[in-house]
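Participant: Below you'll find the structure I mean.
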Amino acid sequence: MILNLIEKFALGKYGKWFGLICRLTLGGVLFAAGWLKIFTPAKSQMAVRAYEVLPIGLANFLGIFLPWFEVGLGVLLILGIGVKLSALLGGALMVVFIAAISQAWARGLSIDCGCFGGGGTVEPGETKYLSEILRDIGLALMGLYLFRYPLTRFAVEKLTKTERE
Amino acid sequence: MATSSSGGDKFTRNLVIAMVALVVVVGAGFSYFGSKGSTTAAIPSSVSKDDGYGIVFNGDVPNVPTIDIYEDFQCPVCARFEAINGITLEKAIEEKKAKVVYHVLSFLGTESILAANASACASDQDKFLAFHKAFYANQPAENAGAINADFLKSIGAAIGITSPEFATCVDNGGYSDWVKNVAEAGAKANVNSTPTVFVNGKEIDRNTEYFNAEAFAKAIAG
Numbered sequence: 363m364i365l366n367l368i369e370k371f372a373l374g375k376y377g378k379w380f381g382l383i384c385r386l387t388l389g390g391v392l393f394a395a396g397w398l399k400i401f402t403p404a405k406s407q408m409a410v411r412a413y414e415v416l417p418i419g420l421a422n423f424l425g426i427f428l429p430w431f432e433v434g435l436g437v438l439l440i441l442g443i444g445v446k447l448s449a450l451l452g453g454a455l456m457v458v459f460i461a462a463i464s465q466a467w468a469r470g471l472s473i474d475c476g477c478f479g480g481g482g483t484v485e486p487g488e489t490k491y492l493s494e495i496l497r498d499i500g501l502a503l504m505g506l507y508l509f510r511y512p513l514t515r516f517a518v519e520k521l522t523k524t525e526r527e
Numbered sequence: 011m012a013t014s015s016s017g018g019d020k021f022t023r024n025l026v027i028a029m030v031a032l033v034v035v036v037g038a039g040f041s042y043f044g045s046k047g048s049t050t051a052a053i054p055s056s057v058s059k060d061d062g063y064g065i066v067f068n069g070d071v072p073n074v075p076t077i078d079i080y081e082d083f084q085c086p087v088c089a090r091f092e093a094i095n096g097i098t099l100e101k102a103i104e105e106k107k108a109k110v111v112y113h114v115l116s117f118l119g120t121e122s123i124l125a126a127n128a129s130a131c132a133s134d135q136d137k138f139l140a141f142h143k144a145f146y147a148n149q150p151a152e153n154a155g156a157i158n159a160d161f162l163k164s165i166g167a168a169i170g171i172t173s174p175e176f177a178t179c180v181d182n183g184g185y186s187d188w189v190k191n192v193a194e195a196g197a198k199a200n201v202n203s204t205p206t207v208f209v210n211g212k213e214i215d216r217n218t219e220y221f222n223a224e225a226f227a228k229a230i231a232g
């Protein structure tokens, strides 16, 4: 039922405009989040380690790689190139973030998500898990929408015939 | 909608995606190798490689607890920590009641690297603790451009360092490779916050023992 309504909206008059909003929001957030961390790799590594999920070596690798990856996805989404793929990857990244933040919350860790720089252990009263998760859920849904309806306003690329169908 | 669905479009798109992917990989690679330490870095005389490249006090005193302190000169909480526990630590060092290792991390940015380098320069003048104390007492705002060579030399002058080597060392950033080594060792030691204090390899209680002088003194007694 709801899916039908969404379909109707997406293929309707405002669907592509909404797609543009999703692209700029998800892309803008990813770009900003990555950009703010690129120049402080040691801090970004610290933020990943603080989740206490991954082995230290892998966490340190991701701490350096993720900001660049986010910037790359952000650029593609903002330009509107490879929207289907970058929306899928961006949305999947949000799902991973949601899982990571949730487990930190459930285990009673006191960390900052480190999403826009910062990160690491914080005072117990200073965690913002709920708002971080809600934000990422919204972004993940936008990624999903773009994956399903990648044709949007003001995108650089024009989809190939097969993709339009 | 546009009628064009030619191969050209697709080629251009894939080219752009490939270029972005390349920039991501190359950028991450540069970032990775740029932050890597070096085994040939110049290190201050008080530094022990086996202690995570930290600046060591009382390394030769037997049967005392080892206290590892991870800080970033720009971290405001570290300044608070120093104000509360600095005297306790100095006393423990002076009375040879503990081996104390200072790890000067630099994750807050370039100004942290400058400060860490200068602290190593001060260490060569046997003035690390005095520098450390004076710096925190005058800690400028984070990454505001205030921490530069002039500022760091003025801290040195304030604690009575007159030697020209100190000034040269601050100006040249001669220990900046070592600063990377310290950061890398801190990352491997899973330090996720500053300040972080380990006593004999175990972190003390962040909720109760960091910012209470009495509890801290007890915790570092081993």
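Here the protein sequences line up with chains A and B, keeping their order.
Numbering follows the numbering used here, in which position 71 of the first sequence is assigned residue number 433; successive positions increment by one, without gaps.
Numbering follows the numbering used here, in which position 214 of the second sequence is assigned residue number 224; successive positions increment by one, without gaps.
Using N, Cα and C, we set each Cβ at its ideal position, and we do this for glycine too.
1. Nearest CA to the CA of Thr50 of chain B: which residue from B:Val189, B:Asn73, B:Lys107?
2. Going by CA-CA distance only, name the one from B:Glu121, B:Cys85, B:Ala28, B:Lys212 that's closest to Gly155 of chain B.
3. Compare the C-beta of Ala412 of chain A with all C-beta atoms of chain B and state if any pair is closer than 8 Å.
4. What residues from the region 195-212 of chain B come within 7 Å of chain A, judged by C-beta to C-beta, listed N to C?
5. According to DSSP, Cys477 of chain A sits in a beta bridge with which residue or residues?
6. Rounded to the nearest angstrom, what separates Arg216 of chain B and Leu420 of chain A at their Cα positions?
7. Please report how far the alpha carbon of Val457 of chain A lies from the alpha carbon of Glu494 of chain A, in whole angstroms.
8. Among A:Gly481, A:Gly482, A:Gly453, whose alpha-carbon lies nearest the alpha-carbon of Leu503 of chain A?
9. For Ala195 of chain B, does the count of other Cβ atoms within 10 angstroms reach 16, so buried, or fall short, so exposed?
10. With 8 Å set as the bound, which would you pick, yes or no: does the beta-carbon of Phe117 of chain B sit closer than that to a beta-carbon of chain C?
11. Just to confirm the assignment, what range does the beta strand (DSSP E) spanning Phe208 of chain B have?
12. Any chance the region 21-37 of chain B sits against the region 383-391 of chain A, with 3 or more Cβ pairs inside 8 Å?
13. Could you tell me which whole beta strand (DSSP E) segments of length 3 or greater appear in the region 143-223 of chain B?
14. Using only CA atoms, which one of B:Leu124, B:Val207, B:Asn68 lies nearest to Ser56 of chain B?
15. Given a cut-off of 8 Å on the beta-carbon distance, is the pair Ala404 of chain A and Phe117 of chain B in contact?
16. In angstroms, rounded to a whole number, what distance separates the CA positions of Thr489 of chain A and Trp467 of chain A?
17. What residues from chain A crowd round Ala130 of chain B, counting only those whose CB sits closer than 9 Å?
18. Which residues in chain B sit within 8 Å of Met408 of chain A, going by Cβ to Cβ distance?
19. State the Cα-Cα distance for the pair Tyr63 of chain B and Lys107 of chain B, rounded to the nearest angstrom.
20. Taking Arg510 of chain A as the reference, which of A:Leu435, A:Ser464, A:Ala372 has the closest Cα?
21. Taking Cβ positions, are Tyr42 of chain B and Cys88 of chain B nearer each other than 8 Å?
22. Rounded C-beta distance between Phe141 of chain B and Ile169 of chain B? I'm assuming under 8 Å.
23. Give the single residue among B:Ser164, B:Ala125, B:Val36, B:Gly37 whose Cα lies nearest to the Cα of Phe83 of chain B.
24. Determine the direct distance from the alpha carbon of Ala132 of chain B to that of Ile77 of chain B, and round the result to whole angstroms.
25. Please list, in chain order, the chain B residues whose beta carbon lies closer than 8 Å to that of Gly381 of chain A.
26. Is Leu508 of chain A buried or exposed, if buried means 16 or more other CB atoms sit within 10 Å of its CB?
27. In whole angstroms, give me the CA-to-CA distance for Glu152 of chain B and Gly166 of chain B.
28. Rounding to the nearest angstrom, what Cα-Cα distance links Phe393 of chain A and Asn95 of chain B in this structure?
29. Check each residue of the region 476-509 of chain A: if its Cβ is closer than 9 Å to any Cβ of chain B, include it; give the result in chain order.
30. Below 8 Å on the Cβ atoms is my guess for Ile418 of chain A versus Lys212 of chain B; work out the distance and round it to an integer in Å.
31. What is the C-beta distance between Val437 of chain A and Val30 of chain B, in whole angstroms, given that I count them as a contact (C-beta under 8 Å)?
32. List the DSSP bridge partners of Val66 of chain B.
33. Count the other CB atoms within 10 Å of the CB of Gln407 of chain A; is the residue buried (16 or more) or exposed (fewer)?
34. Name, going along the chain, the residues of the region 439-455 of chain A whose beta-carbon falls closer than 7 Å to a beta-carbon of chain B.
35. Closer than 7 Å by beta-carbon distance: list the chain A residues that pair up with Tyr42 of chain B, in chain order.
36. Verify the CB distance criterion: does Ala52 of chain B have a CB-CB separation below 8 Å to chain A?
Facilitator: The short version:
1. The option with the nearest alpha carbon to Thr50 of chain B is B:Val189.
2. Gly155 of chain B has its Cα closest to that of B:Glu121, out of B:Glu121, B:Cys85, B:Ala28, B:Lys212.
3. Proximity of Ala412 of chain A to chain B, defined by a Cβ-Cβ separation below 8 Å, is satisfied.
4. Residues passing the 7 Å Cβ filter: Ala197, Lys198, Asn200, Asn202, Ser203.
5. According to DSSP, which records beta bridges pairwise, Cys477 of chain A is partnered with A:Gly479.
6. Looking at the backbone, the Cα of Arg216 of chain B and that of Leu420 of chain A are separated by about 26 Å.
7. Cα atoms of Val457 of chain A and Glu494 of chain A: separation of roughly 12 Å, rounded to the nearest angstrom.
8. The candidate whose alpha carbon is nearest that of Leu503 of chain A is A:Gly453.
9. Classification of Ala195 of chain B: buried, given that the 10 Å Cβ count is 16 or more.
10. No chain C is part of this structure, whose protein chains are labelled A and B.
11. Judged by DSSP secondary structure, Phe208 of chain B falls within the beta strand (DSSP E) whose first and last residues are 206-209.
12. Because the criterion of three Cβ pairs below 8 Å is not met, the region 21-37 of chain B and the region 383-391 of chain A do not touch.
13. Runs of the beta strand (DSSP E) inside the region 143-223 of chain B: 206-209.
14. Minimum Cα distance to Ser56 of chain B is reached at B:Asn68.
15. Yes. Within cutoff.
16. Using only the alpha carbons, I get a separation of about 9 Å.
17. Neighbours of Ala130 of chain B on chain A: none; closest Cβ ~17 Å, over 9 Å.
18. Simply Phe117, Ala197, Val201, Asn202, Ser203.
19. Rounded to the nearest whole angstrom, the CA to CA distance from Tyr63 of chain B to Lys107 of chain B is 21 Å.
20. Residue A:Ala372 is the option with its Cα nearest to Arg510 of chain A.
21. No, the pair does not count as a contact, with Cβ atoms beyond the cut-off.
22. Ile169 of chain B and Phe141 of chain B do touch by the CB rule: their CB atoms are close to 6 Å apart, below 8 Å.
23. Ranked by how close their Cα comes to the Cα of Phe83 of chain B, the residues B:Ser164, B:Ala125, B:Val36, B:Gly37 have B:Ala125 in first place.
24. Looking at the two C-alpha atoms, the distance is approximately 21 Å.
25. Simply none; closest approach about 13 Å.
26. Flag for Leu508 of chain A reads buried.
27. Whole-angstrom Cα-Cα distance: 20 Å.
28. Put simply, the backbone Cα of Phe393 of chain A is about 41 Å away from that of Asn95 of chain B.
29. Within the region 476-509 of chain A, the qualifying residues are Gly481, Gly482, Thr483, Val484, Glu485, Pro486.
30. By a beta-carbon distance limit of 8 Å, Ile418 of chain A does not contact Lys212 of chain B. Their separation comes to about 17 Å.
31. The Cβ separation is near 6 Å, so the contact holds.
32. Per DSSP, B:Val111.
33. Flag for Gln407 of chain A reads buried.
34. Result list: Ile443, Gly444.
35. The answer, in chain order, is Ile426.
36. Not an interface residue.
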